[in-house]
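Residue numbers (UniProt numbering): 1 to 421.
In C-alpha coordinates:
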(Lines of atoms letter the chains of each structure in order from A and count residues from 1; the text may use other names and numbers.)
(Lines give C-alpha, C1' and ligand atoms only; values in the text may rest on other atoms or scores of the structure.)
Protein backbone atom coordinates (compact mmCIF):
# COMPACT_ATOMS: atom_id res chain seq x y z
CA UNK A 1 0.00 0.00 0.00
CA UNK A 2 1.20 3.53 -0.77
CA UNK A 3 1.91 6.09 1.93
CA UNK A 4 -0.92 8.61 2.34
CA UNK A 5 0.69 10.67 5.14
CA UNK A 6 4.35 10.99 6.07
CA UNK A 7 5.46 13.03 9.07
CA UNK A 8 9.18 13.62 9.61
CA UNK A 9 10.55 15.04 12.89
CA UNK A 10 7.43 17.14 13.31
CA UNK A 11 7.35 19.70 16.11
CA UNK A 12 5.15 22.56 17.23
CA UNK A 13 6.22 25.17 19.79
CA UNK A 14 3.93 27.75 21.38
CA UNK A 15 4.95 30.82 23.34
CA UNK A 16 3.54 31.21 26.82
CA UNK A 17 2.34 34.23 28.76
CA UNK A 18 2.22 37.79 27.54
CA UNK A 19 4.28 38.44 24.44
CA UNK A 20 4.50 42.14 25.25
CA UNK A 21 5.15 43.87 28.56
CA UNK A 22 1.99 45.94 28.37
CA UNK A 23 3.48 49.32 27.53
CA UNK A 24 5.32 50.64 24.50
CA UNK A 25 8.21 52.09 26.52
CA UNK A 26 8.83 48.79 28.32
CA UNK A 27 8.72 46.88 25.04
CA UNK A 28 11.33 49.26 23.60
CA UNK A 29 13.53 48.81 26.69
CA UNK A 30 13.29 45.03 26.37
CA UNK A 31 14.18 45.16 22.65
CA UNK A 32 17.11 47.51 23.27
CA UNK A 33 18.46 45.19 25.98
CA UNK A 34 18.20 42.17 23.69
CA UNK A 35 20.03 43.98 20.87
CA UNK A 36 22.90 44.78 23.24
CA UNK A 37 23.06 41.21 24.50
CA UNK A 38 21.86 42.23 27.95
CA UNK A 39 19.41 40.24 30.12
CA UNK A 40 15.73 41.01 29.90
CA UNK A 41 15.02 43.81 32.45
CA UNK A 42 11.46 42.50 32.87
CA UNK A 43 12.29 38.80 33.46
CA UNK A 44 10.88 37.09 36.54
CA UNK A 45 13.19 36.78 39.53
CA UNK A 46 12.87 32.97 39.62
CA UNK A 47 13.79 32.40 35.98
CA UNK A 48 16.96 30.38 35.47
CA UNK A 49 19.77 32.38 33.78
CA UNK A 50 20.91 29.27 31.91
CA UNK A 51 17.68 29.23 29.92
CA UNK A 52 17.14 31.55 27.02
CA UNK A 53 14.11 33.80 26.95
CA UNK A 54 12.59 31.64 24.18
CA UNK A 55 12.98 28.49 26.30
CA UNK A 56 11.36 30.09 29.33
CA UNK A 57 8.38 31.37 27.37
CA UNK A 58 7.74 28.35 25.15
CA UNK A 59 6.17 24.90 25.38
CA UNK A 60 6.43 22.09 22.83
CA UNK A 61 2.97 20.72 22.08
CA UNK A 62 4.53 18.20 19.67
CA UNK A 63 8.18 17.22 19.29
CA UNK A 64 10.27 14.81 17.18
CA UNK A 65 7.12 13.21 15.81
CA UNK A 66 7.64 10.84 12.87
CA UNK A 67 4.94 8.61 11.40
CA UNK A 68 3.88 6.93 8.16
CA UNK A 69 0.18 6.24 7.51
CA UNK A 70 -0.66 3.92 4.63
CA UNK A 71 -3.56 4.53 2.31
CA UNK A 72 -6.86 3.01 3.42
CA UNK A 73 -5.92 2.93 7.12
CA UNK A 74 -8.29 3.99 9.90
CA UNK A 75 -5.78 5.30 12.42
CA UNK A 76 -6.99 5.74 15.98
CA UNK A 77 -5.16 8.32 18.09
CA UNK A 78 -5.33 8.07 21.89
CA UNK A 79 -3.79 10.10 24.70
CA UNK A 80 -4.60 12.35 27.60
CA UNK A 81 -6.00 15.85 27.25
CA UNK A 82 -3.11 18.12 26.32
CA UNK A 83 -0.99 15.29 24.92
CA UNK A 84 -0.82 16.91 21.46
CA UNK A 85 -3.53 15.05 19.53
CA UNK A 86 -5.46 18.12 18.39
CA UNK A 87 -2.26 19.98 17.58
CA UNK A 88 -1.26 17.14 15.25
CA UNK A 89 -4.61 17.21 13.45
CA UNK A 90 -4.51 21.01 13.12
CA UNK A 91 -1.11 20.82 11.45
CA UNK A 92 -2.33 18.10 9.09
CA UNK A 93 -5.35 20.24 8.23
CA UNK A 94 -3.07 23.26 7.65
CA UNK A 95 -4.81 25.28 10.35
CA UNK A 96 -1.43 25.86 12.00
CA UNK A 97 2.07 25.47 10.64
CA UNK A 98 4.72 23.20 12.19
CA UNK A 99 7.71 24.76 13.93
CA UNK A 100 10.02 21.97 12.81
CA UNK A 101 9.85 18.99 10.47
CA UNK A 102 7.91 18.19 7.33
CA UNK A 103 4.41 16.99 6.42
CA UNK A 104 3.91 15.10 3.17
CA UNK A 105 0.30 14.36 2.26
CA UNK A 106 -1.02 12.61 -0.83
CA UNK A 107 -4.48 13.92 -1.65
CA UNK A 108 -7.03 16.38 -0.29
CA UNK A 109 -7.86 16.53 3.41
CA UNK A 110 -11.34 17.07 4.85
CA UNK A 111 -11.37 17.70 8.58
CA UNK A 112 -13.87 18.03 11.40
CA UNK A 113 -11.93 19.23 14.44
CA UNK A 114 -14.35 21.38 16.42
CA UNK A 115 -18.04 22.19 16.34
CA UNK A 116 -18.57 24.62 13.49
CA UNK A 117 -15.09 24.28 11.99
CA UNK A 118 -15.06 25.75 8.48
CA UNK A 119 -18.64 27.07 8.69
CA UNK A 120 -19.59 30.71 8.25
CA UNK A 121 -22.31 31.41 10.84
CA UNK A 122 -24.18 33.92 8.66
CA UNK A 123 -24.48 31.54 5.70
CA UNK A 124 -27.14 28.85 5.45
CA UNK A 125 -26.37 25.16 5.72
CA UNK A 126 -26.66 24.80 1.95
CA UNK A 127 -24.30 27.71 1.30
CA UNK A 128 -21.77 26.30 3.75
CA UNK A 129 -21.79 22.97 1.92
CA UNK A 130 -20.75 24.72 -1.28
CA UNK A 131 -18.25 26.87 0.62
CA UNK A 132 -16.53 23.84 2.15
CA UNK A 133 -16.46 22.05 -1.17
CA UNK A 134 -14.87 25.08 -2.85
CA UNK A 135 -12.21 25.21 -0.12
CA UNK A 136 -11.40 21.56 -0.89
CA UNK A 137 -10.97 22.50 -4.56
CA UNK A 138 -14.15 20.90 -5.86
CA UNK A 139 -16.22 22.38 -8.66
CA UNK A 140 -19.83 23.40 -8.12
CA UNK A 141 -20.96 20.50 -10.32
CA UNK A 142 -19.03 17.98 -8.19
CA UNK A 143 -20.60 19.35 -4.99
CA UNK A 144 -24.09 19.29 -6.48
CA UNK A 145 -23.69 15.62 -7.43
CA UNK A 146 -23.20 14.74 -3.72
CA UNK A 147 -25.62 17.29 -2.29
CA UNK A 148 -28.60 14.96 -1.69
CA UNK A 149 -26.43 12.41 0.15
CA UNK A 150 -24.93 15.10 2.39
CA UNK A 151 -28.29 16.59 3.35
CA UNK A 152 -29.90 13.20 3.94
CA UNK A 153 -27.04 11.98 6.12
CA UNK A 154 -27.02 15.15 8.22
CA UNK A 155 -30.75 14.97 8.92
CA UNK A 156 -30.99 18.76 8.51
CA UNK A 157 -33.35 18.81 5.53
CA UNK A 158 -35.83 21.17 7.20
CA UNK A 159 -33.13 23.62 8.23
CA UNK A 160 -30.80 23.54 5.23
CA UNK A 161 -31.88 27.08 4.22
CA UNK A 162 -31.40 28.41 7.78
CA UNK A 163 -28.21 30.26 8.84
CA UNK A 164 -25.82 27.95 10.66
CA UNK A 165 -25.64 30.36 13.63
CA UNK A 166 -29.14 29.20 14.57
CA UNK A 167 -28.17 25.50 14.56
CA UNK A 168 -27.72 23.57 17.78
CA UNK A 169 -24.27 22.07 18.42
CA UNK A 170 -25.61 18.63 17.47
CA UNK A 171 -27.02 19.88 14.16
CA UNK A 172 -23.75 21.65 13.38
CA UNK A 173 -21.74 18.50 14.03
CA UNK A 174 -24.07 16.36 11.89
CA UNK A 175 -23.82 18.74 8.95
CA UNK A 176 -20.07 19.18 9.40
CA UNK A 177 -19.44 15.45 9.43
CA UNK A 178 -21.69 14.88 6.43
CA UNK A 179 -19.82 17.53 4.45
CA UNK A 180 -16.40 16.14 5.42
CA UNK A 181 -17.35 12.51 4.79
CA UNK A 182 -19.19 12.85 1.47
CA UNK A 183 -17.16 15.43 -0.39
CA UNK A 184 -14.42 13.91 -2.53
CA UNK A 185 -11.32 13.84 -0.33
CA UNK A 186 -8.56 11.28 0.07
CA UNK A 187 -8.01 11.83 3.80
CA UNK A 188 -10.68 12.34 6.49
CA UNK A 189 -9.62 13.80 9.85
CA UNK A 190 -12.10 13.58 12.74
CA UNK A 191 -11.54 14.83 16.29
CA UNK A 192 -13.62 14.08 19.41
CA UNK A 193 -16.57 16.13 18.11
CA UNK A 194 -18.67 12.98 17.59
CA UNK A 195 -19.30 12.99 21.34
CA UNK A 196 -21.80 15.79 20.70
CA UNK A 197 -24.07 13.63 18.54
CA UNK A 198 -26.64 11.10 19.73
CA UNK A 199 -26.05 7.35 19.67
CA UNK A 200 -27.86 6.79 16.37
CA UNK A 201 -25.79 9.45 14.63
CA UNK A 202 -22.56 8.08 16.12
CA UNK A 203 -23.38 4.67 14.65
CA UNK A 204 -23.99 6.29 11.25
CA UNK A 205 -20.66 8.13 11.50
CA UNK A 206 -18.74 4.99 12.37
CA UNK A 207 -20.36 3.16 9.47
CA UNK A 208 -19.52 6.01 7.12
CA UNK A 209 -15.88 6.08 8.23
CA UNK A 210 -15.66 2.35 7.54
CA UNK A 211 -17.07 2.93 4.04
CA UNK A 212 -14.53 5.71 3.46
CA UNK A 213 -11.63 3.42 4.43
CA UNK A 214 -12.92 0.49 2.37
CA UNK A 215 -13.00 2.75 -0.68
CA UNK A 216 -9.22 3.20 -0.31
CA UNK A 217 -9.24 6.52 1.53
CA UNK A 218 -7.56 7.25 4.86
CA UNK A 219 -9.18 8.19 8.18
CA UNK A 220 -7.53 9.73 11.26
CA UNK A 221 -9.79 9.40 14.28
CA UNK A 222 -9.20 10.93 17.73
CA UNK A 223 -11.46 9.73 20.53
CA UNK A 224 -11.52 9.18 24.29
CA UNK A 225 -13.99 6.34 23.73
CA UNK A 226 -11.69 3.34 23.74
CA UNK A 227 -14.49 1.06 22.56
CA UNK A 228 -14.83 3.06 19.34
CA UNK A 229 -11.08 2.96 18.79
CA UNK A 230 -10.98 -0.82 19.18
CA UNK A 231 -13.99 -1.62 16.98
CA UNK A 232 -13.46 0.94 14.22
CA UNK A 233 -9.73 1.38 13.69
CA UNK A 234 -7.25 -0.85 11.89
CA UNK A 235 -4.21 0.74 13.55
CA UNK A 236 -3.63 2.96 16.56
CA UNK A 237 -1.02 5.24 18.11
CA UNK A 238 -0.62 6.83 21.51
CA UNK A 239 0.67 10.37 22.06
CA UNK A 240 2.07 11.41 25.43
CA UNK A 241 3.58 14.82 26.20
CA UNK A 242 3.82 15.59 22.50
CA UNK A 243 5.69 12.44 21.51
CA UNK A 244 4.71 9.21 19.78
CA UNK A 245 5.01 6.60 22.54
CA UNK A 246 3.17 3.56 21.17
CA UNK A 247 1.93 2.11 17.88
CA UNK A 248 0.27 -1.16 16.96
CA UNK A 249 -3.09 -2.88 16.81
CA UNK A 250 -5.94 -0.90 18.41
CA UNK A 251 -6.58 -3.50 21.11
CA UNK A 252 -2.93 -3.66 22.18
CA UNK A 253 -2.44 0.11 22.18
CA UNK A 254 -5.68 0.74 24.07
CA UNK A 255 -4.87 -1.86 26.74
CA UNK A 256 -1.35 -0.53 27.26
CA UNK A 257 -2.71 3.01 27.45
CA UNK A 258 -5.38 2.09 30.01
CA UNK A 259 -2.84 0.11 32.05
CA UNK A 260 -0.54 3.15 32.12
CA UNK A 261 -3.42 5.38 33.16
CA UNK A 262 -4.38 2.95 35.94
CA UNK A 263 -0.77 2.86 37.18
CA UNK A 264 -0.64 6.65 37.29
CA UNK A 265 -3.93 6.74 39.19
CA UNK A 266 -2.64 4.27 41.76
CA UNK A 267 0.54 6.30 42.24
CA UNK A 268 -1.52 9.42 42.87
CA UNK A 269 -3.76 7.56 45.30
CA UNK A 270 -0.80 6.15 47.23
CA UNK A 271 0.77 9.60 47.52
CA UNK A 272 -2.33 11.40 48.76
CA UNK A 273 -3.61 11.52 52.31
CA UNK A 274 -7.19 10.40 52.74
CA UNK A 275 -9.16 12.00 55.56
CA UNK A 276 -12.20 9.73 55.61
CA UNK A 277 -11.88 6.83 53.11
CA UNK A 278 -9.00 4.83 54.52
CA UNK A 279 -9.18 1.70 52.34
CA UNK A 280 -11.29 -0.07 49.72
CA UNK A 281 -11.33 -3.84 49.20
CA UNK A 282 -13.14 -6.24 46.88
CA UNK A 283 -14.16 -9.59 48.37
CA UNK A 284 -15.85 -12.74 47.10
CA UNK A 285 -18.85 -14.40 48.77
CA UNK A 286 -16.52 -16.12 51.26
CA UNK A 287 -14.91 -12.86 52.39
CA UNK A 288 -11.67 -13.47 50.50
CA UNK A 289 -9.92 -10.52 48.84
CA UNK A 290 -10.09 -10.81 45.04
CA UNK A 291 -9.52 -8.73 41.91
CA UNK A 292 -10.84 -11.35 39.47
CA UNK A 293 -14.39 -12.72 39.32
CA UNK A 294 -16.58 -14.83 37.04
CA UNK A 295 -19.84 -13.75 35.44
CA UNK A 296 -22.70 -14.26 37.93
CA UNK A 297 -20.36 -14.17 40.96
CA UNK A 298 -21.13 -12.22 44.13
CA UNK A 299 -18.84 -9.22 44.77
CA UNK A 300 -18.57 -7.44 48.11
CA UNK A 301 -17.36 -3.82 47.91
CA UNK A 302 -15.94 -2.88 51.30
CA UNK A 303 -14.55 0.42 52.60
CA UNK A 304 -13.09 1.51 55.90
CA UNK A 305 -14.22 5.01 56.82
CA UNK A 306 -12.99 7.25 59.62
CA UNK A 307 -13.87 10.59 61.13
CA UNK A 308 -12.56 12.44 64.19
CA UNK A 309 -15.91 14.20 64.63
CA UNK A 310 -19.31 12.45 64.48
CA UNK A 311 -21.03 12.83 61.10
CA UNK A 312 -24.78 12.25 61.16
CA UNK A 313 -26.64 10.99 58.08
CA UNK A 314 -23.66 10.71 55.71
CA UNK A 315 -24.03 9.25 52.23
CA UNK A 316 -21.50 6.81 50.85
CA UNK A 317 -21.26 4.86 47.63
CA UNK A 318 -19.25 3.11 44.95
CA UNK A 319 -19.30 3.83 41.20
CA UNK A 320 -18.36 0.92 38.90
CA UNK A 321 -17.05 1.88 35.47
CA UNK A 322 -15.90 -0.21 32.54
CA UNK A 323 -12.63 0.70 30.95
CA UNK A 324 -13.20 2.56 27.72
CA UNK A 325 -16.99 2.72 28.22
CA UNK A 326 -17.83 4.74 31.32
CA UNK A 327 -20.15 4.32 34.30
CA UNK A 328 -21.89 0.95 34.46
CA UNK A 329 -23.51 0.83 37.91
CA UNK A 330 -23.77 2.69 41.23
CA UNK A 331 -24.01 1.22 44.72
CA UNK A 332 -25.10 3.93 47.15
CA UNK A 333 -26.51 4.15 50.67
CA UNK A 334 -28.75 7.00 49.55
CA UNK A 335 -31.14 4.66 47.73
CA UNK A 336 -30.11 1.15 48.82
CA UNK A 337 -29.81 1.48 52.62
CA UNK A 338 -33.02 2.44 54.40
CA UNK A 339 -31.70 3.02 57.93
CA UNK A 340 -30.11 6.07 59.50
CA UNK A 341 -26.43 5.80 60.28
CA UNK A 342 -23.58 7.96 61.46
CA UNK A 343 -19.83 8.02 60.96
CA UNK A 344 -17.85 8.22 64.17
CA UNK A 345 -14.36 6.92 64.73
CA UNK A 346 -13.83 3.94 62.41
CA UNK A 347 -16.72 2.49 60.42
CA UNK A 348 -16.80 -0.37 57.93
CA UNK A 349 -19.29 0.02 55.07
CA UNK A 350 -19.88 -2.80 52.61
CA UNK A 351 -22.22 -3.35 49.69
CA UNK A 352 -22.87 -6.87 48.41
CA UNK A 353 -23.78 -7.21 44.74
CA UNK A 354 -25.33 -10.64 44.18
CA UNK A 355 -25.11 -12.52 40.88
CA UNK A 356 -23.18 -9.77 39.13
CA UNK A 357 -24.31 -9.78 35.44
CA UNK A 358 -21.34 -7.80 34.10
CA UNK A 359 -19.77 -9.05 30.90
CA UNK A 360 -16.12 -9.89 30.37
CA UNK A 361 -13.83 -6.89 30.85
CA UNK A 362 -11.83 -4.76 33.23
CA UNK A 363 -13.62 -2.45 35.65
CA UNK A 364 -12.63 0.35 38.00
CA UNK A 365 -14.21 1.43 41.29
CA UNK A 366 -14.56 4.98 42.64
CA UNK A 367 -15.61 5.69 46.23
CA UNK A 368 -17.33 8.86 47.41
CA UNK A 369 -18.51 10.23 50.78
CA UNK A 370 -21.14 13.00 51.02
CA UNK A 371 -23.09 14.80 53.73
CA UNK A 372 -26.03 17.16 53.13
CA UNK A 373 -25.24 17.48 49.37
CA UNK A 374 -21.65 18.42 50.24
CA UNK A 375 -18.90 16.20 48.87
CA UNK A 376 -16.50 15.34 51.69
CA UNK A 377 -14.16 13.09 49.76
CA UNK A 378 -13.88 11.12 46.52
CA UNK A 379 -11.23 8.57 45.59
CA UNK A 380 -11.04 7.80 41.86
CA UNK A 381 -9.81 4.39 40.72
CA UNK A 382 -9.36 3.13 44.28
CA UNK A 383 -10.33 -0.40 43.19
CA UNK A 384 -10.02 -2.54 40.07
CA UNK A 385 -11.35 -5.93 39.09
CA UNK A 386 -11.74 -8.17 36.06
CA UNK A 387 -14.69 -10.31 35.00
CA UNK A 388 -14.09 -13.60 33.22
CA UNK A 389 -16.66 -15.65 31.28
CA UNK A 390 -18.14 -19.01 32.27
CA UNK A 391 -21.00 -21.21 31.11
CA UNK A 392 -23.54 -19.12 33.00
CA UNK A 393 -26.51 -20.52 31.04
CA UNK A 394 -25.50 -24.18 31.39
CA UNK A 395 -25.76 -24.75 27.64
CA UNK A 396 -22.17 -25.86 27.14
CA UNK A 397 -21.28 -22.72 25.17
CA UNK A 398 -19.80 -19.40 26.26
CA UNK A 399 -21.42 -16.11 25.21
CA UNK A 400 -19.34 -14.12 22.73
CA UNK A 401 -18.11 -11.13 24.73
CA UNK A 402 -17.63 -9.03 21.59
CA UNK A 403 -21.33 -9.12 20.69
CA UNK A 404 -22.94 -9.71 24.08
CA UNK A 405 -22.88 -6.08 25.22
CA UNK A 406 -22.03 -4.84 28.71
CA UNK A 407 -24.37 -7.20 30.58
CA UNK A 408 -25.02 -10.96 30.58
CA UNK A 409 -28.78 -11.09 31.20
CA UNK A 410 -30.52 -13.72 33.30
CA UNK A 411 -32.84 -14.79 30.51
CA UNK A 412 -34.78 -17.92 29.60
CA UNK A 413 -36.29 -18.81 26.24
CA UNK A 414 -39.50 -20.50 25.21
CA UNK A 415 -39.84 -21.77 21.66
CA UNK A 416 -43.06 -23.40 20.46
CA UNK A 417 -43.58 -24.98 17.07
CA UNK A 418 -47.12 -24.47 15.91
CA UNK A 419 -48.65 -26.33 13.01
CA UNK A 420 -49.98 -24.11 10.29
CA UNK A 421 -53.73 -24.25 9.74
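Note that CB positions come from ideal geometry on N, CA and C, so glycine has one too.
{"query": "Euclidean distance between Cα positions of residue 279 and residue 257", "result": "26 Å"}
{"query": "Start-end ranges of the alpha helix (DSSP H) lying completely within the segment 221-292, minimum 4 residues", "result": "226-232 and 250-271"}
{"query": "DSSP beta-bridge partners of residue 104", "result": "6"}
{"query": "Residue 12 - partner residues in DSSP beta bridges", "result": "62"}
{"query": "Limits of the alpha helix (DSSP H) - the one that residue 28 falls within", "result": "24-35"}
{"query": "Where residue 68 falls: helix, strand or coil (DSSP)", "result": "strand"}
{"query": "Spatial neighbours of residue 329 in its chain, beta-carbon cut-off 7 Å, leaving aside the 5 residues before and after", "result": "320"}
{"query": "Whole-angstrom distance between residue 31 and residue 25, CA atom to CA atom", "result": "10 Å"}
{"query": "First through last residue of the beta strand (DSSP E) which encompasses residue 299", "result": "299-312"}
{"query": "Extent of the continuous beta strand (DSSP E) run through residue 335", "result": "Where residue 335 is concerned, there is no enclosing beta strand (DSSP E), although the alpha helix (DSSP H) it sits in stretches over 333-336."}
{"query": "Whether residue 379 touches residue 351 by CB criterion (8 Å)", "result": "no"}
{"query": "Cβ shell of residue 289 (< 8 Å), same chain only, five flanking positions each side left out", "result": "281, 282 and 283"}
{"query": "DSSP bridge partner residues for residue 366 (one or two, in chain order)", "result": "319"}
{"query": "Cβ contact check for the segment 353-363 and the segment 405-418: 3 or more pairs under 8 Å", "result": "yes"}
{"query": "Beta-carbon gap between residue 392 and residue 295 smaller than 8 Å", "result": "yes"}
{"query": "Rounded straight-line distance, which links the Cα of residue 313 to that of residue 338", "result": "11 Å"}
{"query": "When 188, 377, 111 and 405 are compared against residue 389, the one with the closest alpha-carbon", "result": "405"}
{"query": "Coil, strand or helix - residue 136 by DSSP", "result": "coil"}
{"query": "Which of helix, strand or coil DSSP assigns to residue 78", "result": "strand"}
{"query": "Neighbour-count burial assignment, residue 125, 16 or more Cβ in a 10 Å radius", "result": "buried"}
{"query": "Distance between residue 39 and residue 9 (C-alpha atoms, nearest Å)", "result": "32 Å"}
{"query": "Cβ-based neighbour list, residue 384, same chain, cut-off 8 Å, excluding 5 preceding and 5 following", "result": "262, 291, 362, 363, 364 and 365"}
{"query": "Three-state secondary structure (DSSP) of residue 89", "result": "helix"}
{"query": "Bridge partner(s) assigned by DSSP for residue 384", "result": "364"}
{"query": "Bounding residues of the beta strand (DSSP E) (the contiguous stretch that carries residue 112)", "result": "109-112"}
{"query": "Whether residue 231 touches residue 238 by CB criterion (8 Å)", "result": "no"}
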